[in-house]
Amino acid sequence: MLNHSIKTQHRLYLQQKTKEKRRVLWTQSMLAVTFFILWEAASRLAWIDPLIFSMPSQIGLLFLEKVSDGSLLVHTSITLAETAAGFLLGSAGGALAAFLLWWSAFFSKVFDPYLVILNAMPKVALGPIIIVIFGPGILSIIAMATLLSIVITTIVVYHAFQQVDDNYKKVLLTFGATKKQLFHYAVLPACYPTIISTMKVNVGLAWVGVIVGEFLVAKQGLGYMIIYGFQVFQFRQVMLSLIVIAVLAAVMYKSIEALERFLISRRGR
Amino acid sequence: MLALQEIEKIYFTDEHAVRAVTDITLTVKNGEFVSFIGPSGCGKTTLLSIIAGLLEPTSGTIFMNNHKMEGYSKETGYMLQQDYLFPWLTIRQNVELGLVITGLHTPETSSRTMQLLEQLGLGDKADVFPAELSGGMRQRAALVRMLAPEPSLLLLDEPFSALDYQTKLKLEDLVSITLKNQHKTAVLVTHDLSEAIAMSDRIFLFESNPGTIHHTFDVPEMLRSLSPFETRNHPSFHSYFQKIWEELENVESQYQDST
Ligand SMILES: Nc1ncnc2c1ncn2[C@@H]1O[C@H](COP(=O)(O)OP(=O)(O)OP(=O)(O)O)[C@@H](O)[C@H]1O
Ligand SMILES: [Mg+2]
Chain C
1 MLNHSIKTQH RLYLQQKTKE KRRVLWTQSM LAVTFFILWE AASRLAWIDP LIFSMPSQIG
61 LLFLEKVSDG SLLVHTSITL AETAAGFLLG SAGGALAAFL LWWSAFFSKV FDPYLVILNA
121 MPKVALGPII IVIFGPGILS IIAMATLLSI VITTIVVYHA FQQVDDNYKK VLLTFGATKK
181 QLFHYAVLPA CYPTIISTMK VNVGLAWVGV IVGEFLVAKQ GLGYMIIYGF QVFQFRQVML
241 SLIVIAVLAA VMYKSIEALE RFLISRRGR
Chain L
1 MLALQEIEKI YFTDEHAVRA VTDITLTVKN GEFVSFIGPS GCGKTTLLSI IAGLLEPTSG
61 TIFMNNHKME GYSKETGYML QQDYLFPWLT IRQNVELGLV ITGLHTPETS SRTMQLLEQL
121 GLGDKADVFP AELSGGMRQR AALVRMLAPE PSLLLLDEPF SALDYQTKLK LEDLVSITLK
181 NQHKTAVLVT HDLSEAIAMS DRIFLFESNP GTIHHTFDVP EMLRSLSPFE TRNHPSFHSY
241 FQKIWEELEN VESQYQDST
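These protein sequence lines map, in sequence, to chains C and L.
Everything in the first sequence is counted per full-length UniProt numbering, starting at 1 for the first residue and increasing by one.
Everything in the second sequence is counted per full-length UniProt numbering, starting at 1 for the first residue and increasing by one.
Shown next, in the form of structure tokens:
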């Protein structure tokens with residue numbers, strides 16, 4: 001009897017939850033739809049300058065046009081490839097550097113002040129130097145995206161490595177673990193959460209690096225579409241690029257989150 | 001037999017050099033269970049870490065069955081005050097960690113470890129994560145982890161101090177019986193005098209500044225043969241407790257006078 005009523009209550013509780021989820025989703029969609037309708041109306045009624053802010057319908061038409069002539073696909077895939085490369089190089093490079101610093105205390109003491117300087121430095125200011133070194137092309141753009149994330153990744157991940165509770169290492173040392181085993185079995189797994197959250201930040205940084213890089217040198221890519229649209233006063237194109245960037249960045253961020261969920265579901269905590 | 005000869009350990013820090021333990025000479029027979037008690041800071045953990053090979057003594061030597069011990073030895077197992085089970089590994093993976101690290105992980109050692117896990121009442125917990133276990137269960141899992149590579153000398157640094165009283169009494173019995181059955185030699189560090197009496201054959205009382213052995217007590221034969229729980233309930237337990245307690249008070253007041 002009691003059991004039965006608990007089950008009913010649980011079902012009610014679940015129904016409540018689904019209902020609430022649906023309401024949130026519905027409000028979210030309505031908000032987006034309202035935003036676009038208001039934008040369209042404001043532009044058509046000339047409350048805002050349609051030349052600058054364009055309007056969703058115009059952007060939609062441009063989108064179809066650029067999709068059918070294939071140019072949007074080209075620009076998008078170039079930018080995506082650059083961002084992915086910058087993101088991977090920055091994250092992996094930073095993690096590797098953090099590992100080397102952890103491995104050698106001497107190394108880490110020597111490099112400490114340099115890391116501080118590199119981190120404080122606004123990396124974008126190095127743009128001209130990067131272009132001189134890597135040439136005015138895709139390499140420079142990737143280098144910019146990498147540079148933006150690699151230093152902070154190194155610092156954050158190395159710090160996390162250091163923070164790992166010594167007692168976990170002690171447990172392994174009582175079994176005669178080597179330094180490599182300490183890293184593999186205690187330090188690295190203890191730092192997965194930090195590494196994942198650093199990767200989330202790096203997605204954003206890679207986009208910044210790539211778009212700035214494309215502003216400076218590119219002849220193709222979404223950043224180029226923005227800067228070109230700006231120069232020829234084609235704000236429709238600027239807006240279209242912005243929307244595409246927003247969608248792609250969100251998708252990348254979400255896939256890192258999915259990776260995080262996957263890793264955490266295997267760890268039980 | 002475990003033999004320590006004139007062990008001394010000096011810690012060097014930026015401010016000063018601390019003589020943590022000095023002139024420690026003692027032997028522990030195979031199969032014997034001994035305890036270290038003494039005021040906080042008298043070097044018990046330091047000494048245990050030296051025996052475990054985690055710390056190098058500044059001077060002195062350790063022999064295990066007449067072989068000189070230096071650094072890590074597969075003869076020793078170490079249990080910390082808290083379980084330090086790895087939260088990202090299941091209980092099975094946790095208890096097999098020692099086998100993996102030492103390269104002893106085979107189907108046989110693995111199934112033997114599972115049997116031990118079952119004996120300690122954790123058979124159904126093999127595939128859950130440590131977060132789902134109670135404090136006592138976690139400490140039992142840590143015990144299995146230590147025993148898995150089959151060390152012959154066990155070093156226990158206050159393994160029960162983080163547990164509630166009832167769990168602690170049960171675990172004392174369990175550990176005592178498990179170690180007796182497997183004929184292990186054990187060194188227990190504890191703050192709890194009654195625990196020391198209940199579990200050990202001999203008790204080393206330490207004094208501080210610098211840490212040395214103040215006195216050694218042989219636990220009476222009739223208490224030794226009993227389980228820890230039975231010992232605590234034995235009529236002669238209290239008078240024996242009183243005797244060591246006075247000595248302990250002496251050591252602590254002596255220490256306070258000197259500071
Ligand atoms: N890594 C270290 N560096 C410097 N001094 C240390 C270090 N570890 C311990 N000491 C000092 O050595 C002395 C002995 O410490 P130890 O931890 O061995 O004592 P203990 O008997 O285990 O104390 P407790 O009962 O509180 O656990 C203390 O004075 C402590 O301050
Ligand atoms: Mg201690």
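Glycine included, each C-beta is placed from N, C-alpha and C at the ideal position.
Source: prediction; values computed, not measured.
Check whether the Cβ atoms of residue i and residue j sit closer than 9 Å, and answer yes or no.
i, j, result
"L104 of chain L", "P57 of chain L", "no"
"T154 of chain C", "L205 of chain C", "no"
"Q237 of chain C", "L62 of chain C", "yes"
"T61 of chain L", "L4 of chain L", "yes"
"A126 of chain L", "L117 of chain L", "yes"
"residue 285 of chain C", "L99 of chain L", "Nothing can be reported for residue 285 of chain C, as the shown portion of chain C is limited to 1 through 269."
"I37 of chain L", "A196 of chain L", "yes"
"residue 268 of chain L", "A52 of chain L", "With chain L running from 1 to 259 in the structure shown, residue 268 of chain L is simply not present."
"I91 of chain L", "P130 of chain L", "yes"
"T83 of chain C", "V247 of chain C", "no"
"M239 of chain C", "I48 of chain C", "no"
"L97 of chain L", "Y253 of chain C", "no"
"A141 of chain L", "L85 of chain L", "yes"
"M96 of chain C", "Y192 of chain C", "As written in the sequence, residue 96 of chain C is Leu, which differs from the Met given in the question. Contact: no."
"S161 of chain L", "F33 of chain L", "no"
"K123 of chain C", "L148 of chain C", "yes"
"M248 of chain L", "S236 of chain L", "Correcting the residue identity first, residue 248 of chain L is Leu in this sequence and not Met. No, these two residues do not count as a Cβ contact at 9 Å."
"F215 of chain C", "I52 of chain C", "no"
Which word fits residue i, buried or exposed, when buried means at least 16 other C-beta atoms lie within 10 angstroms of its C-beta?
i, result
"E158 of chain L", "buried"
"F229 of chain L", "exposed"
"L174 of chain L", "buried"
"S255 of chain C", "exposed"
"R269 of chain C", "Legend: pLDDT at R269 of chain C = 45, less than 50; position of this residue unreliable, no value from coordinates given."
"S77 of chain C", "exposed"
"W26 of chain C", "exposed"
"M30 of chain C", "exposed"
"V24 of chain C", "exposed"
"A207 of chain L", "Per the sequence shown, the amino acid found at residue 207 of chain L is Glu instead of Ala. Buried."
"H16 of chain L", "exposed"
"L172 of chain C", "buried"
"M121 of chain C", "exposed"
"H75 of chain C", "buried"
"P39 of chain L", "buried"
"F106 of chain C", "exposed"
"V37 of chain C", "Checking the sequence shown, residue 37 of chain C turns out to be Ile, not Val. Under this definition I37 of chain C is an exposed residue."
"Q162 of chain C", "exposed"
"W245 of chain L", "exposed"
"D83 of chain L", "buried"
"G94 of chain C", "buried"
"S140 of chain C", "buried"
"Y13 of chain C", "exposed"
"K184 of chain L", "buried"
"E20 of chain C", "exposed"
Our contact map puts residue i next to residue j with C-beta atoms below 8 Å; I'd like the distance itself, whole angstroms only.
i, j, result
"L188 of chain L", "S49 of chain L", "15 Å between Cβ atoms; not a contact."
"K74 of chain L", "T106 of chain L", "Not quite, the Cβ-Cβ distance comes to about 15 Å (not below 8 Å), so this is no contact."
"V157 of chain C", "L118 of chain C", "In fact, because the Cβ distance is near 15 Å, the residues do not count as touching under 8 Å."
"H191 of chain L", "L205 of chain L", "Rounded, the Cβ-Cβ distance is 13 Å, inconsistent with contact."
"F99 of chain C", "N202 of chain C", "The pair is not a contact, with the Cβ atoms about 17 Å apart (cut-off 8 Å)."
"M137 of chain L", "Y78 of chain L", "About 20 Å separates the two Cβ atoms, so there is no contact after all."
"K9 of chain L", "V21 of chain L", "5 Å"
"M55 of chain C", "E40 of chain C", "5 Å"
If you measure from the beta carbon of residue i to each beta carbon in chain B, is any gap under 9 Å?
i, result
"V251 of chain L", "Any reference to chain B falls outside this structure, whose protein chains are C and L."
For the region 102 to 128 of chain L, which residues have a beta carbon sitting closer than 9 Å to at least one beta carbon of chain C?
T102, V128
Can you pull out the residues from the region 153 to 165 of chain L whose beta carbon lies closer than 7 Å to at least one beta carbon of chain C?
none
Between the region 176 to 197 of chain C and chain L, which residues of the former have a C-beta closer than 8 Å to a C-beta of the latter?
G176, A177, Q181, Y185, A186, P189, A190, Y192
For the region 11 to 32 of chain L, list every residue whose C-beta sits within 9 Å of some C-beta in chain C, in sequence order.
none
Taking only beta carbons into account, state which residues of the region 58 to 75 of chain L come closer than 9 Å to chain C, listed in chain order.
If the cut-off is 9 Å between Cβ atoms, the region 58 to 75 of chain L has G71, Y72, S73, K74 near chain C.
Please list, in chain order, the residues of the region 177 to 205 of chain L that have any C-beta partner in chain C closer than 7 Å.
none
Any heavy atom of ligand 2 within less than 7 Å of residue CB: hits in chain order
L:K44, L:T45, L:D157, L:E158, L:V189
Using a Cβ-Cβ cutoff of 9 Å, what residues of the region 156 to 175 of chain C are near chain L? List them in chain order.
D165, N167, Y168, K170, V171, L172, L173, T174, F175
Closer than 7 Å between beta carbons: that is the criterion. Which residues of the region 43 to 58 of chain L meet it against chain C?
A52, L54
With 9 Å as the limit, tell me which residues of the region 87 to 98 of chain L have their beta carbon closer than that to any beta carbon of chain C; keep them in chain order.
The region 87 to 98 of chain L vs chain C, Cβ under 9 Å: P87, W88, L89, T90, L97, G98.
Under 8 Å, CB to CB, which of the residues in the region 128 to 142 of chain L have a partner in chain C?
V128, F129, A131, E132
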